[in-house]
Structures are given as C-alpha cells and as structure tokens.
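Here the structure comes first, spelled out in structure tokens, and everything after it is commentary.
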Amino acid sequence: MSLAPKPPLLLDAIDEIQSEILSDSFTISEVDDIVYEVNCPMVPRSSYTAGEEDENDEEKSKSSNAVINYFKLDHINMDRHTYVTNMKNYAAHVRNCLASQGSSQQEISNFKRNFQAY
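Note that the UniProt record's numbering has the sequence shown beginning at 1, numbered continuously upward.
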C-alpha cells in the first residue's frame with residue numbers, strides 16, 4: 001500500500017472528532033506498510049505541559065517521549081482480552097476506511113496480512 005504525500009498532521013480516523021495524533025514536525029517512517037515509526041526526542045514534561053497546575057513539580061521534572069507530551073496522550077491500562085478486542089475493532093474500521101477510499105482488494109488483503117504481525 002503506498003501512501004499519498006505525508007499530510008502535515010495525521011488524524012485519528014476512528015475518533016469522531018478526528019483528534020490530532022501525529023505531526024510532520026517529527027521524523028516519520030512507514031514500516032511494513034502498516035505502522036508508523038516516529039523518531040522524536042525525550043523531553044522534560046514541562047516542555048509541553050507548562051502552565052498546567054494539576055501536576056506536581058516531581059511529575060514535571062520527569063522526561064518522556066515528545067509525541068506523548070505534545071499531543072497529551074495518556075497511558076491506558078487494559079487486560080489482554082480488552083486489547084485484542086480493541087485491536088480487532090480497529091482493524092475492521094481501518095479495512096472499512098480503506099474500502100471506502102477506493103483501495104484495491106490487494107491493498108486491503110495486504111493490510112489484513114501485515115496487521116497480524118502486530
């Protein structure tokens with residue numbers, strides 16, 4: 001599956017309000033026609049969360065991935081069953097999006113096959 005030129009920002013196709021999930025200000029490479037690998041620095045949390053008063057000073061002093069900080073992503077705890085269910089739903093949604101965008105059956109089959117590896 002080949003992608004069109006990289007958009008300035010990637011949107012979450014599943015999220016109804018299409019939240020921003022990635023920006024081309026980070027180095028992005030496609031792996032196995034299925035996932036994106038993002039090269040980004042570790043930064044102090046305060047770099048992107050400055051001004052938020054609900055975090056204590058100890059939390060602000062820790063560093064984390066710049067994408068996580070920039071888009072204010074949160075860690076989600078889930079058991080294996082919940083994870084597998086969510087991934088199956090996600091894969092079905094992506095297949096539907098590919099079909100609605102006019103992707104060929106070969107591209108959809110490649111997505112199904114490559115998705116199994118992840």
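Glycine included, C-beta positions come from ideal geometry on N, C-alpha and C.
Check: Going by alpha carbons, who is nearest to Pro41 out of Val67, Ser103, Leu73?
Finding: Val67
Next item on the list: Verify whether the separation of the beta carbon atoms of Thr27 and Val38 is less than 8 Å.
Entry: yes
Notebook entry, point to check: What is the DSSP secondary structure of Ser63, reduced to helix, strand or coil?
Noted result: strand
Note to self: Assuming the contact rule is C-beta atoms closer than 8 Å, Asp33 and Asn110 should be a hit. Round their C-beta distance to whole Å, please.
What the structure shows: 6 Å
Check: Considering only the beta carbon of each residue, do Val43 and Asn69 sit closer than 8 Å?
Finding: Going by C-beta atoms, Val43 is nearer than 8 Å to Asn69.
Next item on the list: State the DSSP-derived secondary structure class of Met42, mapped to helix, strand or coil.
Entry: The three-state reading of DSSP puts Met42 in strand, counting E and B together.
Next item on the list: Report the three-state DSSP secondary structure of Tyr118 (helix, strand or coil).
Entry: coil
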